[in-house]
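Working notes, beginning with the structure itself.
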Amino acid sequence: MTDVLRRGRASLAFSFFAQGATFALLVTRIPAIQDRYGVSDALLPVFLAAVPILAGVGSVTTEQLVKRTRPSRLLRWSQPVVLLALLGAGAGGHVAELAVALGAFGLAVGALDASMNMLGVSLQRSYGRSIMLSFHAAYSLGGILGASLAWVGAHWHLALWVSYLPVVAVLLPATLVGSRWYVDGDPAPVGEDQGQAGGLVFKLLLPLCLVMTFAYIGDSTVSNWSAKYLKDVLGSSEQLATVPYNVYMVTTLLGRAIGDLGVRRFGAVAVVRLGTLVAAGGFAVVASAPGAWVGMLGFTLLGLGLCVLVPQTFAAAGRLFPGASDAAIARLNIFNYVGFLIGSPLVGALGDAWSYRGAMLVPMVLVLVTLVYARSFAAQPDRYGGGHERPRTADVGRGSNGL
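In structure tokens form, the structure reads like this:
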């Protein structure tokens with residue numbers, strides 16, 4: 187049984203890693219994609235908004251699909267679609283082809299994100315201790331690799347399909363092989379949690395939905411505005427302005443790599459509160475920074491603080507609804523994309539109408555709202571006994587080999 191758990195954990199971690207690399211390769215090459223297809227500046231926001239909107243549709247659809255099939259099966263087949271859609275976005279020649287590729291990417295990535303986190307939560311339940319942050323650490327590591335490969339492609343002026351093809355050629359068969367060892371949790375029992383998954387789940391899930399939205403507003407603020415802020419507001423060079431996001435990704439990886447240890451030692455509530463305060467402090471430093479280097483310190487704090495919120499939000503949903511965690515996670519995952527859609531336009535509009543320093547205070551305040559809902563992250567006594575964790579269980583669910 188222990189071998190089943192270990193293989194399941196390793197294969198799922200690789201899936202997170204592959205998705206981090208894939209997503210980074212797409213978003214960091216948006217200017218190159220725009221140039222390749224001749225997409226105007228007016229039309230580009232439509233394409234960019236369509237991806238998270240369709241991803242939300244994919245997540246909603248996944249909630250319905252997991253009633254009839256296992257999350258491992260959805261993950262097994264959605265990940266290749268995402269990879270092929272990435273290649274399609276880099277290989278097409280007409281705007282219509284780009285629209286099809288991004289549409290497929292959006293729908294599949296919604297199913298992918300939801301099913302990955304469903305498996306992560308169920309596997310954490312089988313382990314009986316916090317491991318969710320380690321999966322998201324693998325995602326961050328993949329994101330760093332993907333962004334680095336994107337830099338190489340841009341530096342050497344490689345065609346998009348030339349940059350994407352080797353990555354897809356390696357990751358697609360590797361994820362398919364790794365999918366043999368995914369571990370599904372036990373089917374949800376019919377009972378109170380199933381009823382909650384219907385009419386009551388959203389009311390009970392709402393605090394976590396808000397936390398997820400605000401965390402992604404903070405994340406999208408860094409990814410979309412850090413370079414511009416450092417250059418235009420803090421007067422850095424163009425080269426130095428590219429550093430904050432890389433620093434943010436590295437500190438996100440570091441925070442997630444050690445975050446599970448913090449949850450095991452101090453509990454999820456304490457870790458979430460600390461992460462919230464560190465993230466809010468990061469935004470405060472960025473907003474008040476006298477120069478570029480202090481601004482970079484603020485973005486470093488942001489990475490260390492924000493990195494724990496999203497994984498722990500998914501984990502908390504799994505604890506709140508142990509018999510209906512798949513439905514809860516699918517619904518919660520939608521607010522990932524809501525935050526992504528809101529964050530960048532919100533900061534941009536406030537920056538133009540007011541000031542970019544003032545705009546940085548808005549995600550700070552929103553992130554601080556997490557403190558109000560921190561108790562929603564508490565372990566339930568009948569699920570994580572003995573303080574913050576419970577002993578490992580022998581029942582690890584069913585592996586996906588039996589599909």
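Residue numbers (the working numbering): 187 to 589.
All residues carry an ideal CB built from backbone N, CA and C; glycine is no exception.
Item, Value
"Go through its chain and collect everything with a Cβ distance to L230's Cβ below 8 Å, but skip five positions before and after it.", "I216 and Q220"
"Leaving out five residues on either side along the sequence, give the residues of the same chain with a beta carbon under 7 Å from the beta carbon of L272.", "T208, L211, L212, F291, Y350 and V354"
"Pull up the distance between the alpha-carbon of V433 and that of G489, whole angstroms please.", "8 Å"
"Once DSSP output is grouped into helix, strand and coil, what is the label at V252?", "coil"
"Would a C-beta distance cut-off of 7 Å place G242 and Y523 closer than the cut-off?", "yes"
"Pick helix, strand or coil for D227, following the three-state DSSP scheme.", "coil"
"Buried or exposed for D370, please, with buried defined as at least 16 other CB atoms from any protein chain shown within 10 angstroms of its CB.", "buried"
"Indicate whether the contact test is met: 3 or more Cβ pairs, each with one atom in the region 421–438 and one in the region 287–306, closer than 8 Å.", "no"
"Nearest by alpha-carbon distance to F400: which of R195, S258, G421 and L518 is it?", "L518"
"Report the rounded CA-to-CA distance for S365 versus V356, giving the unit in angstroms.", "15 Å"
"Taking Cβ positions, are P430 and F485 nearer each other than 7 Å?", "yes"
"Going by C-alpha distance, which of A535, T499 and H341 is nearest N303?", "T499"
"Would you report the Cα separation of Y223 and P531, rounded to the nearest angstrom?", "23 Å"
"Just to confirm, are V553 and G448 a CB contact at a threshold of 7 Å?", "no"
"Which two residues bound the contiguous alpha helix (DSSP H) that contains Y415?", "Taken as a continuous stretch (DSSP letters only), Y415 belongs to no alpha helix (DSSP H), as it is neither H nor E."
"Can you round the beta-carbon distance between T438 and G529 to whole angstroms, since I take them to be within the 8 Å contact cut?", "Incorrect: roughly 16 Å between the Cβ atoms, too far for contact."
"Just confirm the distance between the C-beta atoms of T248 and G296, as a whole number of angstroms; I'd bet it's less than 8 Å.", "7 Å"
"Compute the Euclidean distance between the alpha carbons of A565 and R259, then round it to the nearest angstrom.", "29 Å"
"Could you check whether the region 509–518 touches the region 491–498, counting it as contact only if at least three pairs of C-beta atoms, one from each stretch, sit closer than 8 Å?", "no"
"Drop a sphere of 10 angstroms on the beta-carbon of P476, count the other beta-carbons inside from all chains shown, and report buried for 16 or more, exposed for fewer.", "exposed"
"I need the DSSP call for R442, collapsed to helix, strand or coil.", "helix"
"Anyone know if the C-beta pair for G194 and L309 falls short of 7 Å?", "yes"
"For A418, count neighbouring C-beta atoms within 10 Å of its own C-beta (all shown protein chains included) and say buried if the count is 16 or more, exposed if not.", "Here the sequence assigns Asp to residue 418, which means Ala is not the residue at that position. The residue is exposed, with fewer than 16 neighbouring Cβ atoms inside 10 Å."
"Which value, in whole angstroms, describes the spacing of the CA atoms of V457 and M546?", "23 Å"
"Looking at C-alpha atoms only, which residue of I317, S201 and L346 is the closest neighbour of R647?", "Nothing can be reported for residue 647: it is not among the residues displayed for the chain, which extend from 187 to 589."
"Tell me whether C395 sits in a helix, a strand or coil according to DSSP, three-state version.", "helix"
"Output the distance between the C-alpha atoms of G467 and P549, rounded to the nearest integer angstrom.", "11 Å"
"From P238 to R543, what distance separates their C-alpha atoms?", "27 Å"
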